[in-house]
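A.B. asks: Just passing along the structure, written as structure tokens.
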Amino acid sequence: MSKVTVIGAGNVGATCANVLAHKDIVKEVILLDIMGDMARGKALDSWQQAPIDYYSTYLRGSDNYEDTAGSDIVVITAGVPRKPGMSRDDLISTNAKIVNMVTESIMKYSKNPIIIVVSNPLDVMTLAAYRASGLDSSRVFGMAGILDTARYRAFLATALDVSPKDIQAVLMGGHGDTMVPLPRYTTVAGIPVTEMIEAADLDAIVERTKTGGGELVQLMGTSAWYAPGAAAAQMVEAIVKNENRIFPCCALLNGQYGLDDIFLGVPVKLNKNGIGEIIELKLNKDEMQLLHDSAGHVRAVIDVFNGMKL
């Protein structure tokens, strides 16, 4: 794989492109935005960073979809960000139209790309891209769980005074307040996290994780970008290197976990073909109920989206 396109040169897209360049795993990254000069400027700035930080990946900004031709992977970050007081659901109509247009434009010039969706509300925007692309569901999925687990692991690292490198965790469900953290699957250097932290403190961290995006919106007046951009770049890396890494991603379920025809966050294997496998964990009754509750919330948003007949 030699070419990655990032759609949207805002904070998340530009960060994703820059992090990808630093990984030095593809020949070229196209940063595309309707504000072409901004995309060209950010790409040029990152390319001028290459001699300093020692990478060879060429970054090019554009507002012309012809420049995306032959993309192996496309990361869609385009859309309006959340503002204070705005729920993810408020974004549906505006961002769905953007994601539909972007996906259709991409498919004109790239035959069989892998598409990673970052735009919010994530679960529904991934569905929109899947429908608009006509691709197999293994090639269209969303970035949410990696970001959510990163926040969870960062909070735990602070509370336990340990390196975040040693914390492994799984989160499932929708991206937002109904996500399902799974403390039973959380470890610190292989040690169950429940042996290292009081239950009340762990519960507080879980709750903070659920509203982690909103916390940053309140602090900055806009959505986060460093961690989301890096999370999307990590997914690209796993695909380019054919690593079979296990990440929580927003994927289409057809029977797994007793759920059908819904995009929801679950652990998957990522490789050169996109999603190589959806992993079914043996959830207990309470965990399964939380997952189905989260799925119910996502379905409600999908119903709103379907009612728009975009």
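Going by the numbering used here, the sequence shown opens with residue 8, and the numbers climb by one from there.
Quick reminder that beta carbons are idealized off the backbone N, C-alpha and C, glycines included.
As the structure is a computational prediction, the values presented were derived from the model and not from experiment.
#1: Just mark K292 as buried or exposed, buried being the case when its beta carbon has 16 or more other beta carbons within 10 Å.
#2: Secondary structure at N280, three-state DSSP: helix, strand or coil?
#3: To which residues does DSSP link F270 through a beta bridge?
#4: Check whether the stretch 210-221 touches the stretch 176-193, counting contact only when three or more Cβ pairs, one atom from each stretch, lie closer than 8 Å.
#5: Starting from P11, follow its DSSP beta bridges and name the residues at the other end.
#6: Per DSSP, what kind of secondary structure is L288 in: helix, strand or coil?
#7: Helix, strand or coil for V275 per DSSP?
#8: Who pairs with R252 in a beta bridge, going by DSSP?
#9: Should N107 and L266 be called a contact, given that it needs their Cβ atoms to be closer than 8 Å?
#10: Within a Cβ cutoff of 6 Å, which residues of the same chain sit near A237, ignoring the five residues on either side of it in sequence?
#11: Taking the CB atoms as reference points, tell me whether G43 and S69 lie closer together than 8 Å.
#12: Is it right to say A21 is buried, meaning 16 or more other beta carbons lie within 10 angstroms of its own, or is it exposed?
#13: Would you mind stating whether I80 and I123 have Cβ atoms separated by less than 8 Å?
#14: For a test of the three-state rule: what should DSSP assign to V177, helix, strand or coil?
#15: When you compare each of V224, A161, L129 to G92 by their alpha carbons, which one comes out closest?
#16: Hey, quick one: how far does the beta strand (DSSP E) through S69 stretch, first residue to last?
#17: When you compare each of K34, S145, M114 to E73 by their alpha carbons, which one comes out closest?
#18: Determine the burial state of A264: buried for a count of at least 16 other Cβ atoms within 10 Å of its Cβ, exposed for fewer.
#19: In chain order, what residues of the same chain lie with their CB nearer than 7 Å to the CB of S53, ignoring the 5 residues before and after it?
C.D. replies: In terms of the structure at hand:
#1: For K292, the number of other beta carbons within 10 angstroms of its own is below 16, and it is reported as exposed.
#2: The answer is coil: DSSP assigns N280 none of H, G, I, E or B.
#3: L259, per the DSSP bridge assignment.
#4: Verdict: yes, contact present.
#5: It is Val, not Pro, that sits at residue 11 in the sequence shown. By DSSP's assignment, V11 forms a beta bridge with V36, I80.
#6: In this structure, DSSP gives L288 a state outside helix and strand, which the three-state scheme calls coil.
#7: Residue state, collapsed to three classes: strand.
#8: DSSP output for R252 lists L277 as bridge partner(s).
#9: It is not a contact, given that the beta carbons lie outside the stated cut-off.
#10: Excluding sequence neighbours, A237 sits near V26.
#11: Their beta carbons are under 8 Å apart, which means G43 touches S69 by this criterion.
#12: By the beta-carbon neighbour count (other beta carbons within 10 angstroms, threshold 16), A21 is buried.
#13: I123 is positioned such that its CB atom lies closer than 8 Å to that of I80.
#14: In this structure, V177 counts as coil in the three-state DSSP scheme.
#15: Among V224, A161, L129, the Cα nearest to that of G92 belongs to V224.
#16: 65-69 is the span of the beta strand (DSSP E), which, as asked, contains S69.
#17: Ranking K34, S145, M114 by Cα distance to E73 puts M114 first.
#18: One point to set straight first is that residue 264 is Tyr, not Ala, in the sequence displayed. With 16 or more other Cβ atoms from the protein chains shown falling within 10 Å of its own Cβ, Y264 counts as buried.
#19: Around S53, the same chain offers A24, N25, A28, L66 as residues with beta carbons nearer than 7 Å, after the five sequence neighbours per side are excluded.
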